[in-house]
Amino acid sequence: MADASKYADNVKKYANGYNQAAAEKIVGHLGIALRNRDSSLVSCSDETELQRVREKWCRGKLSLAHTNDELDAAIASVCEKLKPEGGNKSRVTFYYLLAEHFGKLDALAG
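The numbering of the sequence shown is our numbering, which starts it at 204 and goes up by one.
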């Protein structure tokens, strides 16, 4: 089981509660990417990065069938919510908030 404890405080700062099992699944999903500072962060100013989040996380892992506009709007809203973090946002927190937005935390945790 993946250890999500080092991300918990950051997630709790922005989420409506904390689903530890879902957070652990996200950390497990990201795996080795979290070891590298660059790949452990999401840059909201990098369009390619945001498309990758939409396609790999929203469509791939969360199996969302929403339109690109709907997914992009949700991603933009997470970028806005995480603005206090500065230029780079924790990928774990970012993915968690997207899963929360689309009501997928329980599916991840299950």
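Positions of the beta carbon are idealized from the N, C-alpha and C atoms, including for glycine. All values derive from a computational prediction rather than experimental measurement.
Annotation for Leu308: the continuous alpha helix (DSSP H) segment containing it runs Leu308 to Ala312.
Straight across, the Cα-Cα distance linking Tyr221 with Thr251 is about 29 angstroms.
Looking at the DSSP output, Lys292 sits in a beta bridge with Val245. Looking only at Gly234, Ala236, Asn239 and Leu244, the smallest Cα-Cα distance to Asn213 is reached by Leu244. Here the alpha carbons of His304 and Tyr210 stand approximately 18 angstroms from one another. In the three-state DSSP reduction, Gly220 falls in the coil class, being neither helix nor strand. For Thr270, no alpha helix (DSSP H) encloses it, and the DSSP letter there is neither H nor E.
For the 9 angstroms CB-CB criterion, Leu274 and Arg257 form a contact.
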